[in-house]
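Student:
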Amino acid sequence: MWNGTQSVGESSSSTSLSSQQDVEDDQMIAFVLSEEYAKLDGAVARRLSNLAPVPHVPRINTYIPNLSDASLDHQRLLQRLQVYGLCEVKVSGDGNCQFRALSEQMYKSPEYHKHVRKEIVKQLKEYRSLYEGYIPMKYKRYYKKMEKTGEWGDHVTLQAAADKFAAKICLLTSFRDTCFVEITPQYQAPKHELWLSFWSEVHYNSLYEIRDAPVQQKPRKKHWLF
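Plus 12 on top of the position in the sequence shown (first one is 1) and you've got the working numbering.
1) Since I believe V101 is in contact with E116 (beta carbons under 8 Å), could you give me their beta-carbon distance rounded to a whole number of angstroms?
2) From I181 to Q87, what distance separates their C-alpha atoms?
3) Helix, strand or coil: which one does DSSP assign to K180?
4) DSSP on T169, reduced to helix/strand/coil?
5) Are there any heavy atoms of the ligand ATP lying less than 7 Å away from the beta-carbon of L90, as far as the coordinates show?
6) Which residue from S141, F111, L184 and D166 puts its Cα closest to that of Y220?
7) Could you tell me whether the Cβ atoms of I195 and A174 are closer together than 8 Å?
8) Could you check how far apart the C-beta atoms of A179 and P202 are, in whole angstroms? I think they sit under 8 Å.
9) Excluding the five sequence neighbours on either side, which residues of its own chain have a C-beta within less than 7 Å of the C-beta of F111, listed in chain order?
10) For the alpha helix (DSSP H) that C109 lies in, which residues bound it at each end?
11) When you compare each of R188, P197 and Q198 to S212 by their alpha carbons, which one comes out closest?
12) Name, in chain order, the residues that DSSP records as bridge partners for F187.
13) For V227, count the other beta carbons within 10 Å of its own beta carbon; 16 or more makes it buried, fewer makes it exposed. Which is it?
14) By the three-class DSSP mapping on this structure, what secondary structure does E213 have?
15) In whole angstroms, give me the CA-to-CA distance for L93 and L142.
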């Protein structure tokens, strides 16, 4: 199973509603996680078995591509999906896409992204020595920023997710020279595989072999590029 003071006046009401929503979210997560998570059958891995993964180096987001570069990257990613017979289960581009895509892979729904973010931030806090060297800012400032809904995940949060959930996270990317990246737990053998597509520095989606892809509702579009 996956682990997982009030002020007065108007802010008091807002805090109360927020706390109630957190409780309801946790109750829903507890229900969803009442059964053991089933391992993936390896279908996507078989599709990409001829690709040599590039070693992963955790890093924060430092560059956002312009519209022209992003469009070219997206076309490259779409071509790779077609070549390998894969498809994306798309998640909303609301700043939470990395956490939504991980949620979709783990729980078959992107709606547990708040829980996923909470667990990743907990990992960052509890095992500071594993990640601090990759953060070019005050470490507390970094994880406080990552606590906020809508804050973009990066390759450090992906490493923390791999460590927290004992999962090998595999990215099919839009990078020109790097098609396939693996992120593995640092101090334990992976128990699961999570497959994501990564439109470079723009968006993450959940990744499946075409025949195994679940039916999905169209996500809300909130990103400037799509």
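We put the beta carbon where it would ideally sit given N, CA and C, even for glycine.
Tutor: This is what the structure holds:
1) 6 Å
2) 23 Å
3) strand
4) helix
5) The ligand ATP is absent from the structure shown, which contains no ligands of any kind.
6) L184
7) yes
8) 6 Å
9) H125, V128, R129 and G165
10) C109 to Y119
11) R188
12) Answer is none; F187 lacks a bridge partner.
13) exposed
14) coil
15) 33 Å
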